[in-house]
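Protein chains in written order, with the numbering used here: chain L, 1100 to 1245; chain R, 1100 to 1245; chain V, 1100 to 1245; chain B, 1100 to 1245. Worksheet: one structure, shown below.
4 protein chains.
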Amino acid sequence: MAYIGVIGSGSCGAEIGQLAYRVGEEIARRGAVLVCGGKGGGMEYACRGNAEAGGVSLGILPGLARNEANPHVTYALTTGLGELRNFLVVRCSDALISVAGEHGTLSEMAIALKEGKRVVALHPPYPLAGLVVASTAREAVEKVLL
Amino acid sequence: MAYIGVIGSGSCGAEIGQLAYRVGEEIARRGAVLVCGGKGGGMEYACRGNAEAGGVSLGILPGLARNEANPHVTYALTTGLGELRNFLVVRCSDALISVAGEHGTLSEMAIALKEGKRVVALHPPYPLAGLVVASTAREAVEKVLL
Amino acid sequence: MAYIGVIGSGSCGAEIGQLAYRVGEEIARRGAVLVCGGKGGGMEYACRGNAEAGGVSLGILPGLARNEANPHVTYALTTGLGELRNFLVVRCSDALISVAGEHGTLSEMAIALKEGKRVVALHPPYPLAGLVVASTAREAVEKVLL
Amino acid sequence: MAYIGVIGSGSCGAEIGQLAYRVGEEIARRGAVLVCGGKGGGMEYACRGNAEAGGVSLGILPGLARNEANPHVTYALTTGLGELRNFLVVRCSDALISVAGEHGTLSEMAIALKEGKRVVALHPPYPLAGLVVASTAREAVEKVLL
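See the structure below:
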């Protein structure tokens, strides 16, 4: 069973949201577990796509309140670590897919690459050395599960 | 959905193991999620009891290898934090049950009490102020879910 | 250069405070660095004794504000980790001295013993297996530097 | 007393090294404390410049062995957190200066910006939104202390 991290901004528009939704859905279809930061934006779209396709997601939250998780997270882990929980999202993932994203996402991409993990990027905010770029949700999931 | 931490030594005899097994089983019967350190001994017995009763367990591992989890963990989270992951077991739990245990368990009990969480103890290694003591698995789970 | 952790309650009476003060002083006299949680109570007395004897202390704070450190800390490290910073106090210390203490201190003692570090205790709250007990500040520092 | 983080690659050439050296030196001249990851490359050059100008540096190490610090670190903190210690470098710094750098540095820059801290960059690997760019060590230290 693979654990696939999905990282992206805590707020996003409809187009990026739809992309994240389909990434979550595709992860469920392949029988992988979705790992994320458990909050809104891209994370919420991905968890929703995952849940609606029957998948399981783990949301690693920055705070101490379980109800800060978006409603589509299957299991919510409260850490109280703030943004430092980004590291745990990376540590708990075998490989990661980024969907757009800003500084928080960038920190996760950089750490994942530094720790030698595969990162497949949809609309990466910066062309980091070592990223695998994809243009559709299906392509991203195929490439991350290679 | 309640998240109940089960803490105890990474190695234990058959009697303590059986107690941990029944704690895990009882947690599953009540529909709670079992959170633990994911390794052997009491943790493994608890996860096994939980799994055999249809429950779900989250194993928060000290290392980076998913396969260091015991085979009864439902979802294994790799942290690379070593014993520091004990804190995450506490942070991710709404309340905890300790089954016997040594120094690692004691650190978890102390932090949980410090953070104001209910800790129900079966065979506590030391009579910490604030512990709720129980003598059977069923009593422990009843008291932890109060 | 040895790094000696001093752990104890965030609030204490005059007698325990005086003991912590002398532990800090003695650490300075031996040329060791004092590591602590940086806040009040026993930590503050120890840092004050240390500073007044010309020593250097590192205060590893739970929060994000440098000014939550007591005024006798030489260098204050802000972590934002809450009680989880207790682990860092242990990790940064070669060996530790506990002065009385409650649950937070106990968690540090237990983790230190679990990680194989020497812990010398003055008025330990519980008789943990593996503790080295001392009855004066000088004896504690002598035993911790062995 | 300001705490200035200096981040950069664990290996670097002579030109970047010289730049890091002068950043460390300038931090000492201004009476600030230098915070870094404590290892080689840019970190070592910065600590050396700092030490030779009479400054104090705190090296927050990834591992558990004090002697993995470069020889110019004043106080070495062992964490055992691996690359996760990058977060602590950011948390312990009031503001940061990056000198070139790769993925590890990038993760620190991104987290610092995400947490609202000023980051002054010398030869940034990517033009992150929010970075303040400088071209000399003196300019970087002046801008970081604003």
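We put the CB at the ideal spot given by N, CA and C, even for glycine.
Query                                                                                                                                                                                    : Result
Rounded to the nearest angstrom, what separates V:Ile-1103 and V:Gly-1130 at their Cα positions?                                                                                         : 10 Å
Taking DSSP as the reference, what is the three-state secondary structure of B:Thr-1177?                                                                                                 : strand
Just the Cα atoms here: how many angstroms apart are B:Val-1189 and B:Val-1231?                                                                                                          : 16 Å
For a test of the three-state rule: what should DSSP assign to L:Cys-1135, helix, strand or coil?                                                                                        : strand
In the DSSP assignment, the alpha helix (DSSP H) including R:Ala-1199 goes from what residue to what residue?                                                                            : Careful: R:Ala-1199 lies outside any alpha helix (DSSP H) and carries neither H nor E.
Cβ of V:Ser-1206 less than 8 Å from any chain R Cβ?                                                                                                                                      : yes
Just to check my reading of the structure: L:Val-1240 and L:Glu-1125 have Cβ atoms closer than 8 Å, yes? What is that Cβ distance to the nearest angstrom?                               : 4 Å
If the cut is a Cβ gap below 7 Å, which residues of chain R does V:Leu-1183 touch?                                                                                                       : Phe-1186
Which residues in the same chain as R:Gly-1140 place their Cβ atom closer than 6 Å to its Cβ, once the five residues preceding and following it in sequence are excluded?                : Ser-1108, Gly-1109, Ser-1110, Cys-1111
Which residues, taken in chain order from the stretch 1203-1237 of chain V, show a beta carbon closer than 7 Å to some beta carbon of chain B?                                           : none
Determine the direct distance from the alpha carbon of R:Thr-1177 to that of R:Gly-1153, and round the result to whole angstroms.                                                        : 23 Å
Would you identify the three-state DSSP class for L:Ala-1239, choosing helix, strand or coil?                                                                                            : helix
Please classify L:Ser-1206: does DSSP put it in a helix, a strand, or coil?                                                                                                              : helix
Suppose contacts are defined by Cβ-Cβ distances below 8 Å. Is B:Asn-1169 in contact with B:Glu-1143 by that definition?                                                                  : yes
In the DSSP assignment, find the beta strand (DSSP E) that holds V:Gly-1158 and state where it starts and stops.                                                                         : 1156-1160
Have a look at R:Val-1243 and R:Ala-1211 and give me their C-alpha separation to the nearest angstrom.                                                                                   : 13 Å
Would L:Ala-1179 pass as an interface residue toward chain V - the criterion being a Cβ-Cβ separation below 8 Å?                                                                         : Note that residue 1179 of chain L is Gly in the sequence shown, not Ala. So, interface residue.
Taking only beta-carbon atoms, is V:Val-1172 less than 8 Å away from chain B?                                                                                                            : no
Kindly indicate which three-state DSSP category B:Leu-1227 falls into: helix, strand or coil?                                                                                            : coil
Count the other CB atoms within 10 Å of the CB of B:Pro-1224; is the residue buried (16 or more) or exposed (fewer)?                                                                     : buried
Would you report the Cα separation of L:Gly-1162 and R:Leu-1195, rounded to the nearest angstrom?                                                                                        : 19 Å
Looking only at its own chain, which residues have a Cβ that is under 7 Å from the Cβ of B:Tyr-1147, when we skip the five neighbours before and after it?                               : Residue identity check: residue 1147 of chain B is Arg in the sequence provided, not Tyr. So the qualifying residues of the chain are Tyr-1120, Gly-1123, His-1171.
So what does DSSP say about R:Leu-1118, is it helix, strand or coil?                                                                                                                     : helix
Just to confirm, are R:Gly-1181 and B:Gly-1179 a CB contact at a threshold of 8 Å?                                                                                                       : yes
Could you name the residues of the same chain whose beta carbon sits closer than 7 Å to that of B:Ala-1279, not counting the 5 residues immediately before and after it, in chain order? : Missing from the structure shown is residue 1279 of chain B; chain B here goes from 1100 to 1245 and no further.
Let's test the definition: count the other Cβ atoms within 10 Å of the Cβ of B:Gly-1215 and tell me whether it reaches 16, buried, or not, exposed.                                      : exposed
Please report the distance separating the alpha-carbon of R:Val-1218 from that of V:Val-1219.                                                                                            : 27 Å
Measure the alpha-carbon distance for B:Cys-1135 versus B:Ser-1192 and round it to whole angstroms.                                                                                      : 9 Å
If you run the structure through DSSP and keep just helix, strand and coil, what is L:Ala-1145?                                                                                          : helix
State the Cα-Cα distance for the pair V:Arg-1128 and V:Ala-1228, rounded to the nearest angstrom.                                                                                        : 30 Å
Candidates B:Leu-1133, B:Ala-1209, B:Gly-1116, B:Leu-1221: which alpha carbon is nearest L:Thr-1204's?                                                                                   : B:Ala-1209
With distance defined between alpha-carbon atoms, name the residue in B:Val-1132, B:Ala-1145, B:Met-1100 nearest to B:Ala-1236.                                                          : B:Ala-1145
Is there at least one Cβ from chain L nearer than 8 Å to R:Arg-1190's Cβ?                                                                                                                : yes
Using DSSP with H/G/I as helix, E/B as strand and the rest coil, what is B:Gly-1153?                                                                                                     : coil
For V:Ser-1156, is the classification buried or exposed, using 16 other Cβ atoms within 10 angstroms of its Cβ as the cut-off for buried?                                                : buried
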